[in-house]
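Everything on this sheet refers to the single structure shown next.
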Amino acid sequence: MSGARKPVGPTERGAAKQTVTIHFAGFNRAWAAWIGDRLERRGQRVVYLRWESPADVPLVDLLRDLKLAEGRILIVVSDWYFQLGPRSHEEWNEALREVVGPDPSRFAAVSVTTAPIPSAAAVLGPVALTNMGAEEAERRLLDRLDLPSEPLPEPAALSRRGPRFPASMPDVWGSVPRRNTRFTGREPLFNDAYNLLQNAEPGAGVVTFYGMSGVGKTQLAAEYAHRFGSEYDVVWWVNAEGRVTYRRQLAELAPKLGLQTGQEYGERLRAVRDSLRRGDPYSRWLLILDGADEPDQIWDMVPSGPGHVIITSRNPEWSEHNSQLLEVKVYARDESVAFIRRRAPRLTEPEAHKLAEALEDLPLLLDQTAGWLNDSDMSVERYIGMLEDGVDSHVVRVSADFPLAFQTAWSILLNKLRDTVPESVDLLRLCTFFAPGFIPVRMLRETPADELPEQLVRLFNDPLLWNRAINQLRTYSVVRLESHEMSGDETASSGESLYLHRMVHQIVNNDMPEADRKEFVDVVRRALAAADPRRPTDPDLWPGYAEIAPHLKHADVLKSRDPQVQRLVFNCLRYMYFSGEYRSGVKLAERAMTAWRTLLGEAHPRIWELTYHYTNLLRGSGDYARSESLSRSAVDHLREERGEQDLEHLRAASGLAADLRGLGRYDEALEMSQWVLAAYRELLGEQDSRTLNAQNNLAVSLRLLGWYREALDVDKETMEARRQFLRARHPFTLNSEIQYANDLRLLGRYAEAESVQRANVEQCRIALGRDNQQTLRAEYNLAMSRYRMGERDRRRDRGDGPQEPGELLASVLERGERVLGETHPLTLLFATGQSCWAREHGDIDQARELSEAVVARYEVMHAEGHPFIAGARANQALILRNVGERDHSHALIEQALAEMTDAVGERHPWTLGCALNASALRNLMGDVEGAAELSRQTVGRATEWLGRTHPLTLSTRVAHAADLRGLRDGRRAEKVEQEALSDLDATLGSKHSHTVSARSRNRPYWDFEPQHT
């Protein structure tokens, strides 16, 4: 292949340091980088010169200019190098003979291709570097330049980590589209993206390619991955068009990174994000998020760390989410001409110029049009005339949303498909009832033949026809065939993973003949229903639902009367509820409610089942008022229509009780919870899962009313039953453990609570994932248990992530804000805990900022008089006291005490806590008698309600002793204080922070903590 090679000339082997100019096509940048690195390690000075070949400059002149470069010119020979321009082999042969032939010593070459190259390239003496390992390739390179090839001393060899040998793949390479060998231009964009990423600080290496549909954003990102992939150890491609799909595909990276996880989807996702953040086991990673048009859906899930992220999007709002923007525009005219001539070699340069002008330089349309023009005998002039005159298409009438040239071009193309392989148009239309992007057509192949329209039976049953249809679509770049990695044994050859561009998807679907639309959409709906995993509460099956969910809208499933399709909608809503995808679930439920009321009628049984799922999602997102209204309507209707003992009525009543809890109407909620549980026990028995759910809900109502011992007994019974009848990692079982540990903590049994919660946290992380809302609740309760334990017996396991209370609270709050949003009920719970911790540990500014935000958000979320508002104001009063705003603090705590008393009664633990703080402020403001009287009453009520040795009761006793000293009743103060200290020693221990503080006569206080409803 290399032919005869003339000596290099005056430079002898081992001579002094020399300069080498590496001349390469951008397509071969990875080879140039590796070669340059090898030479620099040998002490050579390297200059990189990318080959530009403008068609209007004679090739001879370009090569003469190249001879002006410094030092030896090393050409990276490839078929791509010789195609740029494009240039013919004849033109190259003439130029090489004229310019290089007389003085070959200035040139050397390495070949990285096995394709035919111009025969006169033999004058360059290229040595092949392909089909061999890195060591042999380096030896040949050095030999070609007459440089020593002996192994370097070990320190020099290991001094820095260079680019990967281009013929070897990164250790992890996943789902990246095949390289487009016709890719053209975009060099400035590549340079800008590369420099932005390489110069970014750790955690800030994010670049977004944005622009209109069809400009080639995805192709640009794919080419970047291939061109620069040798500089990474991990390159992973993710479809980011929706949050659900994005999370699933990111989680699939876990086994590729060698992470030791179970099969649970949530655990894998957590492990991947943590691994990328830490850069362990790989710090050189590239993540590509394709089609991320809605930043609000996924910005919180974009990994940070030492690696890089490339996003493709039509939305420039990514600039608001720590990303650098690079706009991708249509081709420059010279790029269009070069691309067309590469795609359609039969066209001349003037013809390519005319076609580019007519098609407005839009890459997608150029690709599709040039492809079929090359196979056609139609002249460019005739084609452009058709674009200008328009055609009557019996295949498709393209939407007027697109330019006229685009409309007509698509009509022409689809007519061509209809004339050659008509089944390809049927397949294309079927694909448009899935979401654009990756199309899981394997679901279609599994559809029984007796459920298919007649025109599709042959297509589905004849593998040769199926492959012919797909190949026809590929030929004209209508679809891409991808070996997209999913949880299955899909193979590219069977066409089980097609990629359909958003623009193509919209055009083909817009004006489909009505007869085809009705039949085809039914096929896709049945395929999706058949793919339903059937168990939406099982985390192991969540990836299946994550794959199905994005396609529901495009399959228009809400217009189907098929019971199996409607059951799929319910299961997807259930999945979204349990996986914490509340926002997506509420949107789907809202659309379903509107559609089904019209389709089925206001009182259809499906409406009441939908109401159940809809209210669950609203409740999960904190919209209690809307949920209560829907629940009450369902309860009233079902009770009147079916009777009180109807199971649907009981389920609706249970939801209404949950709404009442969210609204702060705890007595009503308790009464309804008790009635529902009794009814379930009578109808279904003690062990039915619905009975256990009702039992769990009763404990929630008891806890909110301050009946902690009673809640503990009920939660313990429920937990033990769920452990027996459900598996250990079932979400219901894990939830019962959280509730039980929470009860223990509220009763002051901190060590027991910490032990139970620590074990539960690990199981939640494994089964549900680190960012699942139930895991966040578990971690929060663990942090609070450790917080309340003080330093005594605070044992730390070697689990993953933060272990100390403050670190854990901060981590939970950060993830809560990211995953659930700043106004979600759980996020406000986490913010309350973090604020109290910050106040106690000296960060008063953070404490105040968080506390003020919590108060403001509760005031928006709840009606005045809600206990959560009163409690948040009580916490705010403590902060005001600490910063010296005593008058404001005093007024606010008195207001909070009055509001809390009205809301839950004078004996509720929350009211007792407000009273404890209010007595302290009265004492501080000089109202000694008022403080003593309030603390006396509080001691009596706390003792009666919680018991003599409950931590809150002990705090009220210590506070009362302080008030007695203020009244100068030293004897009684001493007696009360000593008894309280004795009980503190026995209950919490002599070294507990509360005991130490009491001995130092620091007045105790109480932190309001909202409870999960």
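Each residue of the sequence shown is one higher than the one before, counting from 2 in my numbering.
We put the beta carbon where it would ideally sit given N, CA and C, even for glycine.
Bear in mind the structure is a predicted one, so any value in this text is a computation, not a measurement.
Runs of the alpha helix (DSSP H) lying entirely within the region 711-748, each at least 4 residues long, are 732-747 in chain order. The three-state reading of DSSP puts Tyr1006 in coil, since its state is none of H, G, I, E or B. The beta carbon of Thr734 sits closer than 8 Å to the beta carbons of Met720, Arg723, Arg724, Leu727 and Arg728 from its chain, once the five residues preceding and following it are set aside; these are given in chain order. Excluding sequence positions up to five before and after Asp660, its CB lies within less than 6 Å of the CB of Tyr625, Ser628, Glu629 and Ser632, all in the same chain and listed in chain order. When the five nearest sequence neighbours on each side are left out, the beta carbons in the same chain lying within less than 8 Å of the beta carbon of Ala26 are those of Arg51, Trp52, Val77, Ser79, Trp81, Tyr82 and Leu85, in order along the chain.
For the region 568-640, the full-length alpha helix (DSSP H) segments reaching 4 residues or more read 583-601 and 606-621 along the chain. Arg662 is positioned such that its CB atom lies no closer than 8 Å to that of Ser634. Separation of the CB atoms of Thr988 and Leu955 is rounded to 7 Å, and the pair is thereby assigned contact status at 8 Å.
The Cβ-Cβ distance between Ser231 and Ala34 falls below 8 Å.
In the assembly as shown, Pro564 is an exposed residue. Its beta-carbon has fewer than 16 other beta-carbons within 10 Å. Within the model, the alpha-carbon separation for Val525 versus Leu460 is close to 15 Å. The beta carbon of Arg183 is closer than 6 Å to those of Arg343 and Arg344 in its chain, skipping five residues each way along the sequence.
Under the 8 Å Cβ criterion, the region 771-781 counts as touching the region 808-822, having at least three qualifying pairs. Annotation: Asp689 is outside any alpha helix (DSSP H) and is labelled neither H nor E by DSSP. Beta-bridge partners assigned by DSSP to Phe108: Ile74. DSSP places Glu328 in the uninterrupted beta strand (DSSP E) bounded by Gln325 to Glu328.
Look at Thr538 here: in three-state DSSP terms it is coil, with no helix or strand label.
By the neighbour-count definition (other C-beta atoms within 10 Å, threshold 16), Ser580 is a buried residue. Comparing alpha-carbon positions, the option among Asp517, Arg840, Leu499 and Arg269 lying closest to Arg771 turns out to be Arg269.
Our two residues, Gln261 and Ser176, have alpha carbons roughly 22 Å apart in a direct line. Taking a contact to require three or more Cβ pairs closer than 8 Å, the region 193-204 and the region 329-348 do not qualify as touching. In terms of CA proximity to Arg966, Glu930 leads the group Glu930, Tyr788 and Asp533.
By a beta-carbon distance limit of 8 Å, Tyr613 contacts Arg652. Their separation comes to about 6 Å.
In the DSSP assignment, Phe439 forms a beta bridge with Tyr500.
DSSP, reduced to helix, strand and coil, places Arg481 within a strand of the structure shown. Within the same chain, Ser585 and Gly586 come within 6 Å of Met577 by CB-CB distance, once the 5 residues on both sides are set aside. Here the C-alpha atom of Gly386 lies approximately 15 Å from the C-alpha atom of His354. For Phe83, the enclosing alpha helix (DSSP H) begins and ends at Asp80 to Gln84.
By the neighbour-count definition (other C-beta atoms within 10 Å, threshold 16), Thr616 is a buried residue. The shortest CA-to-CA distance from Arg730 to any of Ala943, Glu515, Cys765 and Trp319 is the one to Cys765.
Bridge pairing for His309: Leu287 [DSSP]. Secondary structure of Tyr211 (DSSP, three-state): strand. If you ignore the 5 residues before and after Gly206, its C-beta comes within less than 6 Å of the C-beta of Leu198 and His309, all in its own chain and listed in chain order.
Contact fails between the region 96-105 and the region 131-147, because fewer than three Cβ pairs, one in each stretch, are under 8 Å apart. Excluding residues up to 5 positions away in sequence, Asn94 lie with their Cβ nearer than 7 Å to the Cβ of Ser120 in the same chain. Between Asn694 and Ser674 a beta carbon distance of about 11 Å is seen, past the 8 Å cut, so the two are scored as non-contacting.
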